[in-house]
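Asks:
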Amino acid sequence: MDIAFIYLPLFIVLIVSVYTDLKYRLIYDKWTLPSMVYFLVANAILDFSNVHMYVLGGILLGGIHLLLAIVSRGQVGGGDIKLFTVIGLALGLKAGMGVVFATYLIAGLWAIPYLIYQSFILKNKEVTMIPLAPFIAAGTACYLAILLWV
């Protein structure tokens, strides 16, 4: 049941977000805001006794990334904040925190060699902005694969 009503819609939102973040450097509200409402309602129907954990997941994942955006002076974008809020509302606090860990682990493993290449081989001294949505999608996929099949 979760696959049809939670995971499939979540991956549709993630795929669209990856595409738009790579192409336009934007994650559109027309996808994230309705998704927040959808996952809140879906989890209220499917798992009412634990709906508070989904709400808490959305608030904390979004709040953590809002704080990161403030501290980093905009290195984390508003679309990323909303996308993490969607993940928290869809998966709940525990799984959402697992996704955050997997996301930043994958992003770090990719970014370190990339930034070394940019800095030392290409001699590019400018700060390179890297879209986060592909790593959010990869982190979500990896975490759910581990959760569901291990």
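Each residue of the sequence shown is one higher than the one before, starting from 26 at the first, in the numbering used here.
Here a beta-carbon is modelled for each residue, glycine too, at the ideal position from N, C-alpha and C.
#1: Counting pairs of Cβ atoms below 8 angstroms between the segment 156 to 170 and the segment 40 to 47, do you hit three or more?
#2: Quick check on the DSSP output: what are the complete alpha helix (DSSP H) runs of length 4 or more inside the segment 72 to 104, in order along the chain?
#3: Comparing C-alpha positions only, which one of 95, 63, 110 and 56 sits nearest to residue 81?
#4: Considering only the alpha carbon of each residue, which of 170, 173, 133 and 61 lies closest to residue 157?
#5: With 16 as the cutoff for other CB atoms within 10 Å, does residue 128 come out buried or exposed?
#6: Count the other CB atoms within 10 Å of the CB of residue 52; is the residue buried (16 or more) or exposed (fewer)?
#7: In three-state DSSP terms, what is residue 148?
#8: Which of the three DSSP states is assigned to residue 122 in this structure?
#9: Compute the Euclidean distance between the alpha carbons of residue 54 and residue 108, then round it to the nearest angstrom.
#10: Since residue 86 and residue 125 are thought to touch, with beta carbons under 8 angstroms apart, how far apart are those beta carbons, to the nearest angstrom?
#11: Can you tell which of 93, 115, 72 and 99 has its C-alpha closest to the C-alpha of residue 176?
#12: Just to confirm, is the Cβ distance from residue 106 to residue 118 under 8 angstroms?
#13: Straight-line CA distance for residue 93 to residue 103?
Replies: On the basis of the coordinates in this document:
#1: Because the criterion of three Cβ pairs below 8 angstroms is met, the segment 156 to 170 and the segment 40 to 47 touch.
#2: Correct list: 76 to 96.
#3: The residue labelled residue 81 in the question sits at position 56 within the sequence shown. Measuring from the Cα of residue 81, the nearest candidate turns out to be 110.
#4: In the sequence shown, the residue the question calls residue 157 occupies position 132. Taking residue 157 as reference, the option from 170, 173, 133 and 61 with the minimal CA-CA separation is 133.
#5: Here residue 128 refers to the residue found at position 103 when the sequence shown is read from its first residue. Using a 10 angstroms sphere on the CB of residue 128, the tally of other CB atoms reaches 16 or more, which defines it as buried.
#6: Locating residue 52 in the sequence shown gives position 27, where the first residue counts as 1. Buried is the label assigned to residue 52, since at least 16 other Cβ atoms lie within 10 Å of its Cβ.
#7: Mapped onto the sequence shown, residue 148 falls at position 123. Per DSSP, reduced to three states, the secondary structure at residue 148 is coil, with no helix or strand assignment.
#8: In the sequence shown, the residue the question calls residue 122 occupies position 97. Three-state result, residue 122: helix.
#9: Counting from 1 along the sequence shown, the entry for residue 54 is found at position 29. Counting from 1 along the sequence shown, the entry for residue 108 is found at position 83. The straight-line gap from Cα to Cα measures roughly 9 angstroms.
#10: In the sequence shown, the residue the question calls residue 86 occupies position 61. In the sequence shown, the residue the question calls residue 125 occupies position 100. Correct: roughly 6 angstroms between the Cβ atoms.
#11: Any answer about residue 176 is impossible in this case: the structure gives the chain only from 26 up to 175.
#12: For this step, residue 106 is matched to residue 81 along the sequence shown. For this step, residue 118 is matched to residue 93 along the sequence shown. By the CB criterion at 8 angstroms, residue 106 and residue 118 fall outside the cutoff.
#13: Within the sequence shown, numbered from 1, the residue matching residue 93 stands at position 68. Within the sequence shown, numbered from 1, the residue matching residue 103 stands at position 78. Those two C-alpha atoms are separated by around 11 angstroms.
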